[in-house]
Amino acid sequence: MHCPKCNSKNVVKNGCTHYGKQRLKCQNCGRQFVENPTRQPINHSTRELIDKLLLERVSLAAMPSATPRANARVTGVSLRWLQYYVNQKYYQVSKSVEVTKKKPGRLVIQIDEMWSYVGSKANKQWIWLAIDSETREIVGVYVGDRSAQAAKQLWRSLPPVYRQCAVCYTDFWEAYKQVLPSKRHCAVGKDSGQTSYIERLNNTLRQRVSRLVRKTLSFSKSLDNHIGSVWYFVHHYNASLRS
Numbered sequence: 015m016h017c018p019k020c021n022s023k024n025v026v027k028n029g030c031t032h033y034g035k036q037r038l039k040c041q042n043c044g045r046q047f048v049e050n051p052t053r054q055p056i057n058h059s060t061r062e063l064i065d066k067l068l069l070e071r072v073s074l075a076a077m078p079s080a081t082p083r084a085n086a087r088v089t090g091v092s093l094r095w096l097q098y099y100v101n102q103k104y105y106q107v108s109k110s111v112e113v114t115k116k117k118p119g120r121l122v123i124q125i126d127e128m129w130s131y132v133g134s135k136a137n138k139q140w141i142w143l144a145i146d147s148e149t150r151e152i153v154g155v156y157v158g159d160r161s162a163q164a165a166k167q168l169w170r171s172l173p174p175v176y177r178q179c180a181v182c183y184t185d186f187w188e189a190y191k192q193v194l195p196s197k198r199h200c201a202v203g204k205d206s207g208q209t210s211y212i213e214r215l216n217n218t219l220r221q222r223v224s225r226l227v228r229k230t231l232s233f234s235k236s237l238d239n240h241i242g243s244v245w246y247f248v249h250h251y252n253a254s255l256r257s
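If you're matching positions, the sequence shown starts at 15 in the numbering used here and goes up one per residue.
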């Protein structure tokens, strides 16, 4: 017998599994394994497929419906492993924006907040987004309530150059007036067209992330995963623009 991790022959018996199979242990690296396992490690191509599905309107992590079972059948992995993989993916995703470097000067951003929920519609979670009007990059993100404190968190998520120079176009929500610099804040209606890019982004986000669709069973049960899914999409969206 060879260790599947380090290929060492220094292997000894180490009890049995609950299925009655002989468990073996490598004395060199400590890896435990069984001979001729029925469950093989998930290969790289399957993981890449799951990563792509996370960016489409296909729910892999929301558990109230049968949708994850269908995805488990498509990818050939177990529901338990799939949920664990998604949890780790969303936990490790960076919670800060990565955008093209800008020089100080006239910058224009559009800001809006989008309604979502976790667990039940009583637990509202607002997704605050800011987008660069020229590059279309997402430059600010925050998930929380709809208060002025949440607007302040969105403002802090912006790169410094935007906080110093950008003109901000928003709707007439009161929280913006309390946070954004008055000389660089313009509250406008939808008919002005000055918030059209951010409104289109909201629509794209709902179409691509199934847990944000208004009428669906694929809603989030975990706030951490809800936030992670938003950030995961944001990084992919900005990277696709840069490429």
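In this text, a Cβ means the ideal position worked out from N, Cα and C, and glycines have one as well.
| Item | Value |
| --- | --- |
| Can you give me the C-alpha to C-alpha distance between Y104 and F247, rounded to a whole angstrom? | 10 Å |
| For Y183, count neighbouring C-beta atoms within 10 Å of its own C-beta (all shown protein chains included) and say buried if the count is 16 or more, exposed if not. | buried |
| Beta carbon of G207, beta carbon of F186: below 9 Å? | no |
| Does the distance from the CB of A164 to the CB of W140 come in under 9 Å? | yes |
| Per DSSP, V155 forms a beta bridge with which residues? | L143 |
| I believe V107 touches E148 by the beta-carbon criterion, under 8 Å. Please report the beta-carbon distance rounded to the nearest angstrom. | Actually they do not touch by this definition, with Cβ atoms about 26 Å apart. |
| Can you grab the Cα-Cα spacing for the pair V111 / S243, in whole Å? | 14 Å |
| At the level of alpha carbons, what is the spacing between S130 and N50? | 46 Å |
| I think Q36 touches K27, with their Cβ atoms under 8 Å apart; what is that distance to the nearest whole Å? | 6 Å |
| For Q106, list the residues DSSP reports as bridge partners. | The partner list for Q106 (beta bridge, DSSP) is empty, contrary to what the question assumes. |
| For Q192, tell me which candidate among K166, I212, C179 and C200 has the shortest Cα-Cα distance. | K166 |
| Label W142 either buried or exposed according to how many other C-beta atoms from any shown protein chain fall within 10 Å of its C-beta, with 16 as the threshold for buried. | buried |
| Determine the DSSP secondary structure at Y183, reduced to helix, strand or coil. | strand |
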